[in-house]
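Residue numbers (the numbering used here), protein chains in the order written: chain A, 1301 to 1633; chain B, 3 to 288. Just so it is clear, CB atoms sit at the ideal spot from N, CA and C, and this is done for glycine as well. Bear in mind the structure is a predicted one, so any value in this text is a computation, not a measurement.
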């Protein structure tokens, strides 16, 4: 039934793992080859934000601004005034963490297509600790008028997203992760900005994931079916703003129960965006999985995901408890 | 393109812009007085002499750029734009009103001829540097210049010094910045609030060509801009010493007029003062 092609070895040991940011690096190079208006700016993190390929191919269109995130996005705003399509990269904790007002005024209010590339988002950044584990970026970016917010689920999707963001004409935020994560999509999997995708069909509960959490939801859905007889629908929501309301509401009309998952604060984040949609359009019981009003800490990425309940195994447990205690809502309002 | 004006005519234009500013602020009932009045000669000289621009074709592909970094001084820019023909002078009186294109702080998307959106301080210089970088290093258009006006209180912002380092590194010689050195900001004098001196030395050490001028002398303003354009190895900053509230004696030097507009009685008095200032220029437009 599902029209979304997943990799054949989704749950195998040999599933390809790659950092989402690597896909961004390929996408930026491709965007630069397709359109000479694409330029790239970096705040002293060229290699770790994967801008090196672009820099090597187009040295004249790459601008090193140093450790200066406010200048990073405001120079980009000026370059956009000259018709350029600037991608600006740093760690998400610094951009958009430090330069939110500059993004608000000179990109969003000024309606310039500045692209904010926030790498190393989420707690899976690991040993660097709480200062570098950006958890509030989704909330910060999605409240801004004109801003588009995308959190790709894997590196293959990040490549597609980057190429499309280069051509969307709008200020945009793309959220990237540091660690290698399983690649679940294929070259043939669809991706459009503003679209959500049903990766697995089910009737008992809708599991809505963004970014790195979508793969964990696929794992959770497998465990729920095998161990508890719960048939979960998995909805991948790479675009947090604008939200694909139709796909989400259609899924929820069928299942009557919703769980969201994100590697971010649930307050103001993806789960909040879904909560806003549901409370206005179709009130439905909702469980949000993510970080609950606290910061992360140092540790190995897997260790942290496990500790904070963000692995497939933990999520399956959380969903099982939720499903067993929550009735399905199928009333028409 | 505008025809060349004489020094005397430019001085007269500055007087016209001051009149516009007082009438705008009185009608608006809010806004900043001192900064815009002190910038009248700089804006008159920029818009009527220095810049290559076409008010009837704001997106002219050969134009120079102007970026106002301290957006709260926008009344003087609106006055200069109206008087050079970007829009009807009568529209100036819609400043800060609902539905007006003349927002309290400049918004590019509202009014053709504005290159940026500013208000929160410290970001205009970076945006101008972005344009200058493209002109010089990517699109290779060495004949076009990017002019900026910043406040001096604004120089408290870290974003300014990030931009200063950036422009110094990339030797953005098509970037010409006027600092409105009027020595006041909202909480008092700049040297009390957060000392800026040695301002000349600061910019020089960031790799800039620095000039200091009397910001009310249009000939000095014009000459400094010419000198700045002739410097091809580094960005230029012109520290323009100005008198806040210039032309209206009860507003001059008084930081309390930084963020306040005149009421109708004060406006009437101010317009009278501006006419007496005309004694210095000529009596022909009394």
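Where the beta strand (DSSP E) containing residue 1591 of chain A begins and where it ends: Residue 1591 of chain A -> beta strand (DSSP E) spans 1586-1591.
Any C-beta of chain A under 7 Å from that of residue 164 of chain B: At a cut-off of 7 Å between C-beta atoms, residue 164 of chain B counts as an interface residue with respect to chain A.
Contacting positions in the region 89-111 of chain B - beta carbon closer than 8 Å to chain A: Near chain A, meaning a CB-to-CB distance below 8 Å, the residues of the region 89-111 of chain B are 109, 110, 111.
Proximity of residue 12 of chain B and residue 42 of chain B at Cβ, strictly below 7 Å: Taking the C-beta atoms as reference points, residue 42 of chain B is found no nearer than 7 Å to residue 12 of chain B.
Nonlocal neighbours in the same chain, by C-beta distance under 6 Å from residue 1393 of chain A, ignoring five residues either side: Sequence-distant Cβ neighbours of residue 1393 of chain A in its own chain, meaning closer than 6 Å and more than five residues away, are 1432, 1434.
Counted within 10 angstroms of its Cβ, other Cβ atoms place residue 197 of chain B as buried (16 or more) or exposed: By the 10 Å Cβ count, residue 197 of chain B comes out exposed.
Among A:1557, A:1372, A:1567, A:1577, the one whose alpha carbon lies nearest that of residue 1542 of chain A: A check of alpha carbon separations from residue 1542 of chain A across A:1557, A:1372, A:1567, A:1577 identifies A:1577 as the nearest.
Cutoff 6 Å; reference residue 73 of chain B; Cβ partners in own chain excluding five residues on either side: These residues qualify, in order along the chain: 107, 108, 120, 121.
contact_flag[the region 1303-1321 of chain A, the region 1482-1495 of chain A] where n(CB pairs < 8 Å) is 3 or more: The region 1303-1321 of chain A makes contact with the region 1482-1495 of chain A: 3 or more CB pairs, one atom from each, lie closer than 8 Å.
Complete alpha helix (DSSP H) runs within the region 210-262 of chain B (minimum length 4 residues, chain order): Taken in chain order, the complete alpha helix (DSSP H) segments of 4 or more residues contained in the region 210-262 of chain B are 220-232.
Local Cβ density within 10 Å of residue 1620 of chain A, reported as buried at 16 or more and exposed below that: Answer is buried; the Cβ neighbour count reaches 16.
The region 17-33 of chain B in contact with the region 254-273 of chain B per 3-pair CB rule at 8 Å: They touch, by the three-pair rule.
Beta-carbon gap between residue 206 of chain B and residue 241 of chain B smaller than 7 Å: Contact: no.
Burial state of residue 235 of chain B (16 or more Cβ within 10 Å): Exposed, since its Cβ has fewer than 16 Cβ neighbours within 10 Å.
Of the listed residues B:102, B:49, B:29, nearest to residue 269 of chain B (C-alpha basis): Closest option to residue 269 of chain B, Cα to Cα, is B:29.
Beta-carbon proximity of residue 1558 of chain A to residue 1552 of chain A, cut-off 7 Å: Closer than 7 Å, so yes.
Proximal residues to residue 219 of chain B (C-beta, below 8 Å), its chain only, five neighbours per side dropped: Same-chain partners within the cutoff: 43.
Where residue 130 of chain B falls, given that 16 or more other Cβ within 10 Å makes a residue buried: Of the residues assessed, residue 130 of chain B falls on the buried side of the cut-off, its CB having 16 or more other CB atoms within 10 angstroms.
Assigned secondary structure, residue 1386 of chain A (DSSP; H/G/I helix, E/B strand, else coil): Note: residue 1386 of chain A maps to strand in three-state DSSP.
Sequence-distant residues of the same chain with beta carbon closer than 7 Å to residue 286 of chain B, five excluded per side: Low local confidence applies: a pLDDT of 41 at residue 286 of chain B is under 50, so the model's placement there is unreliable, with the coordinate-based value given in what follows. Sequence-distant partners of residue 286 of chain B (beyond 5 residues in either direction) whose C-beta falls short of 7 Å from its own C-beta are missing from its chain.
Ordered list of beta strand (DSSP E) runs contained in the region 1318-1367 of chain A, each at least 3 residues: The region 1318-1367 of chain A contains these whole beta strand (DSSP E) runs: 1338-1342, 1362-1364.
Unbroken alpha helix (DSSP H) run spanning residue 128 of chain B, endpoints: It spans 126-135 - the alpha helix (DSSP H) in which residue 128 of chain B sits, taken as one unbroken run.
Where residue 223 of chain B falls, given that 16 or more other Cβ within 10 Å makes a residue buried: Residue burial annotation: residue 223 of chain B is buried, with at least 16 other C-beta atoms found within 10 angstroms of its C-beta.
Sequence ranges, beta strand (DSSP E) only - wholly within the region 73-104 of chain B, length at least 3: DSSP runs (the beta strand (DSSP E)) wholly in the region 73-104 of chain B: none.
Contact set between residue 136 of chain B and chain A, taken where Cβ atoms lie within less than 9 Å: Around residue 136 of chain B, the beta-carbon contacts reaching into chain A at under 9 Å are 1339, 1378, 1379, 1381, 1382, 1383, 1384.
As assigned by DSSP and simplified to three states, the class of residue 1535 of chain A: Three-state DSSP puts residue 1535 of chain A in a strand.
Candidates A:1490, A:1539, A:1528, A:1321, of which the one nearest residue 1509 of chain A by Cα: If we check each option's Cα against that of residue 1509 of chain A, A:1539 comes out closest.
Opening and closing residue of the beta strand (DSSP E) in which residue 1565 of chain A lies: If you look at residue 1565 of chain A, you'll find it in the beta strand (DSSP E) that goes 1558-1565.
Neighbouring residues, chain A, relative to residue 121 of chain B (Cβ below 8 Å): Here the neighbours are 1405.
Assigned secondary structure, residue 65 of chain B (DSSP; H/G/I helix, E/B strand, else coil): Residue 65 of chain B falls in the coil class under three-state DSSP.
Sequence-distant residues of its chain with Cβ nearer than 6 Å to residue 56 of chain B (five each side left out): Around residue 56 of chain B: 62.
Proximal residues to residue 202 of chain B (C-beta, below 8 Å), its chain only, five neighbours per side dropped: Only 212, 214, 241 meet the Cβ criterion.
Inter-residue Cα distance where the pair is residue 1354 of chain A and residue 1333 of chain A: Each residue's alpha carbon lies about 9 Å from the other.
Anticipated Cβ contact below 8 Å, residue 1516 of chain A with residue 1611 of chain A, distance rounded: Indeed, because the Cβ distance is near 6 Å, the residues count as touching under 8 Å.
Nearest-angstrom Cα separation, counted from residue 1530 of chain A out to residue 1555 of chain A: About 11 Å.
Nearest neighbour of residue 1416 of chain A, chosen from A:1384, A:1372, A:1426, A:1455 [CA to CA]: Of the listed residues, the one whose Cα sits closest to residue 1416 of chain A is A:1372.
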